[in-house]
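Residue numbers (the numbering used here): 1349 to 1805.
See below for the structure under consideration.
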């Protein structure tokens, strides 16, 4: 099998506030766009021809894959994953091909094992599936599987399933008639559930099952993330850094890099060219540092951190474990940050941040994000009028691109702030803030006369 199709056209509304400005397949993991990681994984697995189905913010996909060869782009016609594949299949010459959802994060090992197993299965279709564990089945496209066979696919069911769709498939061209007869909505749902008016690929596969076709199941052995909501992106990034950094078994120091003898280093370091690690810096584990970045003046880096290019991290700030700092970020003067800071984010003059800070995010002095509720419970989120119960990052802050906060802003646990928004000085943010908002406090003031006479003169 030499041909793969990546579906990268969806709008991804539920990952707001990042969907307002981004095609989510271009969100970076360890400072490289997710879809770029996927193309590299597929190349490593032996694929020679890669088609990418694009739609929403397609220019961003073109940009992150610009210099990669043998990629053909196909404009999606219609809505949903069924329409995306139907748009691409006419371009495929091979009888058998792979399909990968552009918003899933998989390990190299699971991709390789899936491809090996599907080759010997001889099935109409093979699907990679992931154990639900403690996740709610109603959040996902789910499957019932027995002895490596898919028995049934159910759209966002209440119960009676143990696996969810992991977003990697192999098909023969015999799938085409099922794509063409897709009714335009998921019919394989439990009584009382309400599918949206959108043609899903899983509906076509379920129709094939009902016609007696054999659908082979391969279970993941590593992590598998679907970047559906913002906390899925945060968790995927956290574990991807762990995955990448733990593999570092020796120092790899770029040309022109200076490491002070007075730096306290307890791990392996990978750097680009002309990096500076200065006096008093503490590095607690394996880290990756991009070219022309400066880690100086007592900065503290916990394990498994990825720092981008041209960053300045200094003056006794602390970067928490498994965090990603994007290119051209500035962090300093006692700031404590963790999670993901995207390109050109700025955190300075004390403050605490845990979550995702979008491109050009500007945290005013002493901006604090609360991460622990008084009731010790996880924050319940609302997305598309539905209550959500994140298992990771429930109390993190999610700030979109181009957000600015004034001095002494307090952001309550689990708050999301939309892109192009400003939060005025001293504001306490207790609920989500829409895109393009200015939120500030109007303060009532009292003015009285005062002077030496108040002290008996």
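Note that beta-carbon positions come from the ideal geometry of N, C-alpha and C, so glycine has one too.
As the structure is a prediction and not an experimental result, all values here were calculated from the model.
**Prompt:** Does the distance from the C-beta atom of residue 1412 to that of residue 1369 stay below 8 Å?
**Reply:** Taking the chain shown and counting its residues from 1, one reaches residue 1412 at position 64. Taking the chain shown and counting its residues from 1, one reaches residue 1369 at position 21. Against a cut-off of 8 Å, the Cβ pair of residue 1369 and residue 1412 comes out as no contact.
**Message:** Which residue wins for smallest C-alpha separation from residue 1505, given the options 1452, 1361, 1543 and 1477?
**Reply:** By 1-based counting over the chain shown, the position of residue 1505 is 157. The option with the nearest alpha carbon to residue 1505 is 1543.
**Message:** Applying the 10 Å Cβ sphere with the 16-neighbour rule, what's the burial state of residue 1479?
**Reply:** Along the chain shown, one-based indexing puts residue 1479 at 131. Exposed is the call here.
**Request:** Take residue 1705 and list the residues in its own chain whose beta-carbon comes closer than 6 Å to its own, dropping the five residues that flank it on each side.
**Result:** Against the chain shown, residue 1705 aligns to sequence position 357. Only 1689, 1693 and 1747 meet the Cβ criterion.
**Request:** Take residue 1475 and list the residues in its own chain whose beta-carbon comes closer than 8 Å to its own, dropping the five residues that flank it on each side.
**Result:** Stepping through the chain shown from its first residue, residue 1475 is reached at position 127. Correct list, in chain order: 1491, 1498, 1513, 1514, 1516, 1517, 1553, 1563, 1564, 1565 and 1566.
**Simplified DSSP assignment, three categories, for residue 1746** = Within the chain shown, the letter at position 398 stands for residue 1746. Three-state DSSP puts residue 1746 in a strand.
**Item:** Cβ distance (whole Å) where residue 1628 is taken to contact residue 1615 below 8 Å
**Value:** The residue labelled residue 1628 in the question sits at position 280 within the chain shown. The residue labelled residue 1615 in the question sits at position 267 within the chain shown. Contact doesn't hold; Cβ gap of about 17 Å is too wide.
**Message:** If you reduce the DSSP assignment to three classes, tell me which class residue 1410 lands in.
**Reply:** For the purposes of this step, residue 1410 is taken as residue 62 along the chain shown, with counting starting at 1. Three-state result, residue 1410: helix.
**Prompt:** Given a threshold of 16 other Cβ atoms within 10 Å of its Cβ, counted over all protein chains shown, does residue 1728 qualify as buried or as exposed?
**Reply:** Numbered from its first residue, the chain shown carries residue 1728 at position 380. So residue 1728 counts as exposed.
**Prompt:** Where do the ends of the alpha helix (DSSP H) carrying residue 1385 lie?
**Reply:** Start at 1 with the first residue of the chain shown, and residue 1385 comes out as number 37. Per DSSP, residue 1385 belongs to the alpha helix (DSSP H) from 1382–1392.
**Asked** Leaving out the 5 sequence neighbours to the left and right, which residues in its chain are closer than 8 Å to residue 1312 when beta-carbon positions are compared?
**Response** Because the chain in this structure spans residues 1349 to 1805, residue 1312 falls outside the shown range and cannot be described.
**Option nearest residue 1571 by Cα separation, candidates 1555, 1590 and 1578** = By one-based count along the chain shown, residue 1571 stands at place 223. Nearest option by C-alpha distance: 1590.
**Asked** In this structure, does DSSP put residue 1520 in helix, strand or coil?
**Response** Position 172 of the chain shown holds residue 1520. Three-state result, residue 1520: strand.
**Asked** Over what stretch of residues does the beta strand (DSSP E) that includes residue 1574 continue unbroken?
**Response** By 1-based counting over the chain shown, the position of residue 1574 is 226. It spans 1572–1574 - the beta strand (DSSP E) in which residue 1574 sits, taken as one unbroken run.
**Request:** Grab the span of the alpha helix (DSSP H) containing residue 1553 for me, first residue to last.
**Result:** Numbered from 1 along the chain shown, position 205 holds the residue referred to as residue 1553. Residue 1553 -> alpha helix (DSSP H) spans 1549–1558.
**Prompt:** Would the beta-carbon of residue 1769 fall within 8 Å of that of residue 1785?
**Reply:** If you number the chain shown from 1, residue 1769 lands on position 421. If you number the chain shown from 1, residue 1785 lands on position 437. Contact flag set, yes.
**For residue 1586, the three-state DSSP class (helix, strand or coil)** = Position 238 of the chain shown, counted from the first residue, corresponds to residue 1586. Three-state DSSP puts residue 1586 in a helix.
**Item:** Buried or exposed (CB count within 10 angstroms, at least 16 for buried), residue 1662
**Value:** Numbered from its first residue, the chain shown carries residue 1662 at position 314. With 16 or more Cβ atoms within 10 Å of its Cβ, residue 1662 is classed as buried.
**Asked** Assuming residue 1695 contacts residue 1683 under a Cβ cut-off of 8 Å, what Cβ separation, rounded to an integer in Å, is found between them?
**Response** As a working note, residue 1695 is residue 347 in the chain shown. As a working note, residue 1683 is residue 335 in the chain shown. Residue 1695 to residue 1683, Cβ: 4 Å. Contact.
**Asked** Taking 8 Å as the CB-CB cut-off, is residue 1425 touching chain B?
**Response** Looking for chain B here will not work: only one protein chain is present.
**Message:** Rounded to the nearest angstrom, what separates residue 1389 and residue 1703 at their Cα positions?
**Reply:** Here residue 1389 is taken as the residue at index 41 of the chain shown, counted from 1. Here residue 1703 is taken as the residue at index 355 of the chain shown, counted from 1. Near 27 Å, if we compare the C-alpha coordinates of residue 1703 and residue 1389.
**residue 1755, DSSP secondary structure in three states** = In the chain shown, the residue the question calls residue 1755 occupies position 407. Note: residue 1755 maps to coil in three-state DSSP.
**Prompt:** Which residues in the same chain as residue 1450 place their Cβ atom closer than 6 Å to its Cβ, once the five residues preceding and following it in sequence are excluded?
**Reply:** On the chain shown, residue 1450 is found 102 positions in, with the first residue counted as 1. Around residue 1450: 1354, 1355, 1356, 1373 and 1383.
**Prompt:** Under a three-way DSSP split, which group does residue 1614 fall into?
**Reply:** To locate residue 1614, count along the chain shown from 1; it is residue 266. It is coil, neither helix nor strand.
**Asked** Relative to the C-alpha of residue 1402, which residue among 1391, 1431, 1376 and 1385 is closest?
**Response** As a working note, residue 1402 is residue 54 in the chain shown. It is 1431 whose Cα lies nearest to the Cα of residue 1402.
**Item:** Three-way DSSP call (helix, strand, coil) for residue 1635 in this model
**Value:** To locate residue 1635, count along the chain shown from 1; it is residue 287. Looking at residue 1635 - three-state DSSP - the assignment turns out to be strand.
**Request:** Take residue 1612 and list the residues in its own chain whose beta-carbon comes closer than 6 Å to its own, dropping the five residues that flank it on each side.
**Result:** Position 264 of the chain shown, counted from the start, is the residue given in the question as residue 1612. The residues are 1630.
**Message:** Counting C-beta neighbours from all protein chains within 10 Å, is the total for residue 1585 16 or more, i.e. buried, or is it exposed?
**Reply:** Translated into the one-based positions of the chain shown, residue 1585 becomes position 237. So residue 1585 ends up on the buried side.
**Item:** Close Cβ partners of residue 1351 (< 6 Å) along its chain, the five nearest in sequence each way excluded
**Value:** For the purposes of this step, residue 1351 is taken as the residue at position 3 of the chain shown. Result list for residue 1351: 1397, 1440, 1442 and 1445, in chain order.
**Request:** Spatial neighbours of residue 1425 within its chain, please: CB distance less than 8 Å, with the 5 preceding and 5 following residues excluded, ordered by chain position.
**Result:** Here residue 1425 refers to the residue found at position 77 when the chain shown is read from its first residue. So the qualifying residues of the chain are 1431, 1434 and 1435.
**Prompt:** residue 1481 to residue 1456, Cα distance in whole Å?
**Reply:** The count along the chain shown starts at 1 and reaches residue 1481 at position 133. The count along the chain shown starts at 1 and reaches residue 1456 at position 108. Distance between the alpha carbons of residue 1481 and residue 1456: 22 Å.
**Prompt:** When we look at the beta-carbon of residue 1522 and count the other beta-carbons within 10 Å, is it buried (16 or more) or exposed?
**Reply:** Locating residue 1522 in the chain shown gives position 174, counting from the first residue. Exposed, by the Cβ-count rule.
**Prompt:** Taking Cβ positions, are residue 1717 and residue 1700 nearer each other than 8 Å?
**Reply:** Against the chain shown, residue 1717 aligns to sequence position 369. Against the chain shown, residue 1700 aligns to sequence position 352. Contact flag set, yes.
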